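J.: A single structure is presented below for examination.
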Amino acid sequence: MPRALRVARSGDTPTTDRNFAPGLAVGAHEGLRRPQRVDSDQLGESGPKNSILKRSNCTSVAAIRPPPRASHPLARITSLGSQGELWSPSVAVCHKGTGAPIRDLGMGAAGMADAPGVVALTGGRMTEGVVRVGNSVRRPAKESSEFVAALLKVFEHQGFDGAPRYHGQADGMDILSYRPGDVPARFQLWTDEQVAAAGRLLRSMHDATRGSELAGRSQIVCHRDAAPNNAVFVDGLDGLPVAFIDFDGASPGSPLEDLGYACWTWCVASKRGDQVERQADQVRILADAYGLQGPERGVLVDAIIEQQARNARFWAEVEASGTASAGPDAIAQSIVWSRRELAFVVANREVFEAALV
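FYI, in our numbering the residues of the sequence shown are 17 to 373.
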């Protein structure tokens, strides 16, 4: 889902500075921002629940001090290094120098974005009010917050380090660790090594949830959006993906659901239709790295097609809900693009299936 240049809604100024663009702290960046795009022709190709991360190095992060709530079940002391300290889930962000709590000044979660040392993560389509404070990311709590918190705790307990850590809540904000690295601003061609790394990362994530209470009767907990735009790369975008972010849509399911979606978003693009054999080969590489075998391997192409159809439905449901900041034209283009991708895979089904044999 290649993506064009994005613009933040605050001033509609294109963001191209690499020092600011590729690491927007969301979800782990958890709570990723969903930006608008300049190139409307490619708008649909930015993915279903995609996002762009922007990185900003904070040098004067606000001090974070708690009211006394030691009895709170989530209370803890967590070091954020030299950029600030998180003492408990109930915190007051204070102006550096004055010590005046921001919320006492009537700023609240919305006003926090204007406080010294607090970086507002703007330009979103799905989640408003996400900020970075030092080594943490703050995002408004949602209905999914409880499940996401439990999932991130499972990852931590199982030793899976390819996801952000959960540090509690404060004033209606989820607090998560910040994962340094780069998140692609647009989809592109990936090397075989990068595709294989994505497959291994996905398998490790799935294995961490097998048999867990969160998975319930399902095999695993699915990410539901394990695309390149939700992956953190180390050593620049020429490096390897080492973590996934933005677990808002996570829920119990089948590995094939995430695999079909990952194979599509990491390997397949209808606009490069003259490279179908190469795309099919990368689908095989991702499946091999994941360790997909047996009957499930035989229906992987079906899983890709299913996810493409679900993506079209997703955008239709978003529009019907009235909650999207993207306009009707943008959503319509996303639906058209998803259907075009589906038609491409269906038309070349034999090529993709032959590569998996």
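Beta carbons: idealized from backbone N, C-alpha and C, even for Gly.
Predicted model, so just to flag it, every value in this text is computed and none were measured.
Between Thr339, Ser152, Gly343 and Ser286, which has its C-alpha nearest Ala363's C-alpha?
T.: Locating residue 363 in the sequence shown gives position 347, counting from the first residue. Residue Ser286 is the option with its Cα nearest to Ala363.
J.: Look at the alpha carbon of Arg216 and the alpha carbon of Val164, and state the distance between them as a whole number of angstroms.
T.: The residue you call residue 216 lines up with position 200 of the sequence shown. The residue you call residue 164 lines up with position 148 of the sequence shown. If I take the Cα positions, the gap works out to 22 Å.
J.: Three-state secondary structure (DSSP) at Pro268?
T.: Counted from its first residue, the sequence shown places residue 268 at position 252. Pro268 falls in the strand class under three-state DSSP.
J.: Where Trp331 and Tyr277 are concerned, what is the direct C-alpha to C-alpha distance, given to the nearest angstrom?
T.: Locating residue 331 in the sequence shown gives position 315, counting from the first residue. Locating residue 277 in the sequence shown gives position 261, counting from the first residue. Near 15 Å, if we compare the C-alpha coordinates of Tyr277 and Trp331.
J.: Any idea which residues DSSP pairs Leu372 with across the strands?
T.: On the sequence shown, position 356 is the one that residue 372 refers to. Under DSSP, Leu372 shares a beta bridge with no residue.
J.: Between which residues of its own chain and Gln210 is the CB-CB distance below 7 Å, once the five residues before and five after are set aside?
T.: Position 194 of the sequence shown, counting from 1, holds the residue named residue 210. For Gln210, where only same-chain residues beyond five positions count, the Cβ hits under 7 Å are Leu256 and Pro257.
J.: Near Ser220, what residues of its chain come up, given a Cβ to Cβ distance below 8 Å and the 5 sequence neighbours on each side ignored?
T.: As a position in the sequence shown, residue 220 is number 204, starting the count at 1. Result list for Ser220: Phe176 and Gly178, in chain order.
J.: From the DSSP output, in three-state form, read off Phe171 for me.
T.: Here residue 171 refers to the residue found at position 155 of the sequence shown. Shown here, Phe171 sits in a helix according to DSSP, grouped into three states.
J.: Report the CB separation of Asp274 from Ala303 in whole angstroms; it is logged as a contact under 8 Å.
T.: Start at 1 with the first residue of the sequence shown, and residue 274 comes out as number 258. Start at 1 with the first residue of the sequence shown, and residue 303 comes out as number 287. Not really, about 12 Å apart at Cβ, beyond 8 Å.
J.: Less than 7 Å between the C-beta atoms of Pro289 and Ser234, yes or no?
T.: In the sequence shown, the residue the question calls residue 289 occupies position 273. In the sequence shown, the residue the question calls residue 234 occupies position 218. For clarity, residue 289 is Gly in the given sequence; the question names Pro instead. Result no, Cβ atoms of Gly289 and Ser234 do not sit closer than 7 Å.
J.: What is the DSSP secondary structure of Leu218, reduced to helix, strand or coil?
T.: As a first step, residue 218 is located in the sequence shown; it is residue number 202 there, counting from the start. In this structure, Leu218 counts as helix in the three-state DSSP scheme.
J.: Shortest alpha-carbon distance to Gln323 belongs to which of Val299, Gln298, Arg240 and Gly252?
T.: As a working mapping, residue 323 is identified with position 307 in the sequence shown. Nearest of Val299, Gln298, Arg240 and Gly252 to Gln323, Cα basis: Arg240.
J.: How big is the Cα-Cα spacing for Gly145 and Met189?
T.: In the sequence shown, residue 145 corresponds to position 129, counting from 1. In the sequence shown, residue 189 corresponds to position 173, counting from 1. Cα-Cα distance, rounded: 9 Å.
J.: Under three-state DSSP, which class holds Ile347?
T.: Within the sequence shown, residue 347 is the residue found at index 331, counting from 1. In the structure shown, Ile347 sits in a helix (DSSP, three-state: H, G or I).
J.: Quick one: Cα of His222 to Cα of Gly307, how far?
T.: By one-based count along the sequence shown, residue 222 stands at place 206. By one-based count along the sequence shown, residue 307 stands at place 291. Each residue's alpha carbon lies about 12 Å from the other.
J.: I need the straight-line Cα distance from Val23 to Pro200, nearest angstrom please.
T.: For this step, residue 23 is matched to residue 7 along the sequence shown. For this step, residue 200 is matched to residue 184 along the sequence shown. Low local confidence applies: a pLDDT of 28 at Val23 is under 50, so the model's placement there is unreliable, with the coordinate-based value given in what follows. Their backbone Cα atoms lie some 15 Å apart in a straight line.
J.: Give the straight-line distance between the Cα atoms of Val248 and Ile261, rounded to the nearest whole angstrom.
T.: Within the sequence shown, residue 248 is the residue found at index 232, counting from 1. Within the sequence shown, residue 261 is the residue found at index 245, counting from 1. Straight-line Cα distance between these residues: approximately 7 Å.
J.: What does Cys238 pair with, by DSSP beta-bridge criteria?
T.: Position 222 of the sequence shown holds residue 238. DSSP, once it has assigned bridges, lists Ser267 as partnering Cys238.
J.: Along the alpha helix (DSSP H) that carries Ile320, what are the first and last residues, could you check?
T.: By one-based count along the sequence shown, residue 320 stands at place 304. Element bounds for Ile320: Leu316 to Ser337.
J.: DSSP three-state label for Asp177, please.
T.: The residue labelled residue 177 in the question sits at position 161 within the sequence shown. Asp177 falls in the coil class under three-state DSSP.
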